[in-house]
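In what follows, a single structure is set out as structure tokens and then discussed.
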Amino acid sequence: MKQLKALIVLLLVVLLVGCNQSFNWQETEDSLNFNEEYEALNGEKNANGNEYVTVEIPSTNPFKYLTTEETVKFLEEGTGVIYFGMPTCPYCRSTLETLLEFAKKNKIETIYYFNPQKIREENTPEYQRMVEILEYFLPTDKVTQKEDDPDFNPNKKRLLVPDVYFVNKGEVISHYSAVEYKTKLTEEQLKSEIKKYESAYEDFIGAQSTCDEDC
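This is the structure:
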């Protein structure tokens, strides 16, 4: 009987330890590349002489790089979270701590990552396809055109960064574009921004739990 009780106690301890284990990401080639890509600019200045926001990216993080073609395919038929960003973007650097905290809190294993800078500058067919898919969520392009231009087109959209999209089976459910801050966030700002990511994430989770023709 004593042995049985001891065994039960041991099993309970194992279960409790397992339940309380912290969520951890794995170190991968992509996670290391993401760390290097963003931390490389710490202490550096941009062309205007402004110092880049210092970021600390753990070598174990959820980011997985996608190619241009993979990004289009993901938006057309994938499921998950995708982050559009650039290491030189101050808003991107400012929101990364928030995004990582949000992802860890909600145990998100993978955040797909794509830097659209090159294809946006070249206005490639792949970029145009991304804009077409995300059109509903995108602002009017006021960078390559001005409102007082004779041929100004209010329907022309532009993919801005940072932007995080939550996609379910090729349907964009929600997104959050953190363009309010471009400096290191205070604790209160961090908490507020996490809530905004979580609000978009709740819609994504709700969409996944909705029955469709495959049920």
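Mapping to my numbering: the sequence shown position 206 is 206, numbers consecutive. Idealized CB from N, CA, C, for every residue including glycine.
Selected residue, minimal CA-CA separation from residue i, among the options
i, options, result
"Leu32", "Tyr52, Pro62, Lys182, Asn46", "Pro62"
"Phe166", "Asp203, Asn123, Asn42", "Asp203"
"Lys107", "Glu198, Pro150, Lys156", "Glu198"
"Trp25", "Leu100, Glu147, Leu159", "Leu100"
"Arg129", "Phe102, Glu193, Leu159", "Leu159"
"Phe23", "Thr124, Phe114, Ser192, Lys104", "Lys104"
"Lys195", "Ser177, Ala47, Thr210", "Ser177"
"Ile119", "Glu69, Tyr38, Glu188", "Glu69"
"Glu27", "Glu39, Asn50, Tyr38, Thr60", "Thr60"
"Ala200", "Glu29, Asn168, Lys146, Pro116", "Asn168"
"Lys157", "Ile133, Glu180, Pro150", "Ile133"
"Gln208", "Thr79, Glu121, Phe152", "Thr79"
"Glu39", "Arg93, Asn123, Thr144", "Arg93"
"Phe74", "Phe114, Tyr91, Tyr181, Gly43", "Phe114"
Exposure of residue i, with buried meaning 16 or more beta-carbon neighbours within 10 Å
i, result
"Lys142", "exposed"
"Glu135", "exposed"
"Ser174", "buried"
"Lys64", "buried"
"Glu236", "Given that the chain is displayed from residue 1 to residue 215, the structure contains no residue 236 and the question cannot be resolved."
"Thr71", "buried"
"Gly85", "buried"
"Gly18", "Unreliable placement is indicated for Gly18, whose pLDDT of 47 sits below 50; no coordinate value is reported for it."
"Asn35", "buried"
"Thr95", "buried"
"Pro116", "buried"
"Phe152", "exposed"
Residue interval of the beta strand (DSSP E) (run including residue i)
i, result
"Glu171", "171-176"
"Lys64", "63-65"
"Gly206", "Taken as a continuous stretch (DSSP letters only), Gly206 belongs to no beta strand (DSSP E), being part of the alpha helix (DSSP H) at 187-208."
"Asn106", "First-last for Asn106: undefined, no H or E at that position."
"Phe152", "It is not in any beta strand (DSSP E) - Phe152 carries neither H nor E in the DSSP assignment."
"Phe114", "111-114"
"Phe84", "80-84"
"Val164", "163-168"
Cβ distance (whole Å) where residue i is taken to contact residue j below 8 Å
i, j, result
"Val297", "Thr183", "There is no way to answer for residue 297, as the model of the chain reaches only from 1 to 215."
"Gly206", "Glu77", "That belief does not hold up - the Cβ atoms of Gly206 and Glu77 are roughly 20 Å apart, past 8 Å."
"Tyr83", "Ile57", "Actually they do not touch by this definition, with Cβ atoms about 12 Å apart."
"Pro139", "Cys89", "The pair is not a contact, with the Cβ atoms about 15 Å apart (cut-off 8 Å)."
"Val164", "Val81", "6 Å"
"Thr98", "Leu185", "7 Å"
Per DSSP, the bridge partner or partners of residue i
i, result
"Lys45", "Glu51"
"Lys157", "Thr140"
Residue span of the alpha helix (DSSP H) that contains residue i, given as start and end
i, result
"Val131", "125-134"
"Ile119", "117-122"
"Asp30", "29-39"
"Val72", "68-77"
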